[in-house]
Amino acid sequence: MFHLGKQGRYDAILSLYHDQGHIACKTLDFERSITITFGLPFMRSSVDHGTAFDIAGTGKAGTVSMLESTLVAARYWKMKHQ
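Counting in this note's numbering, the sequence shown runs from 35 upward without gaps.
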């Protein structure tokens, strides 16, 4: 199912358990994967790779996942406020 999602056959893939979804998602595209939490009264999106305190301030951390998370949150906000 995750492979078919990567091919574009699905708009989204829902995982009922955090770790089950993350394993497949990170395997397919570690850099761009993000987390979205549903069921809250507000939009919550975040990077999928954690805080990476071990490389903070070294210039090694990638920005792709943070950018993807921000773009998804912005798209959601725009849809909600049209």
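In this text, a Cβ means the ideal position worked out from N, Cα and C, and glycines have one as well.
Measuring only the C-alpha atoms, how far is GLY42 from SER79?
Between GLY42 and SER79, the C-alpha separation is close to 21 Å.
By alpha-carbon positions, which one of ILE70, PHE72, MET77, ASP82 ends up nearest to PHE64?
With distances taken between Cα atoms, PHE64 lies closest to ASP82.
Under the DSSP definition of a beta bridge, which residues are partnered with ILE192?
Residue 192 lies beyond the stretch modelled for the chain, which goes from 35 to 116, so this question has no answer here.
Would you say ARG66 and VAL98 are within 8 Å of each other, going by their C-beta atoms?
Yes. Within cutoff.
Beta-carbon contacts of TYR110 that lie in its chain and below 7 Å, excluding the five residues immediately before and after
Spatial neighbours of TYR110 in its own chain (CB-CB distance under 7 Å, excluding positions within 5 residues in sequence) are listed in chain order as MET77.
Among ALA58, ASP53, LEU50, GLY73, which has the Cα closest to the Cα of LEU38?
Checking every option, the nearest Cα to that of LEU38 belongs to ALA58.
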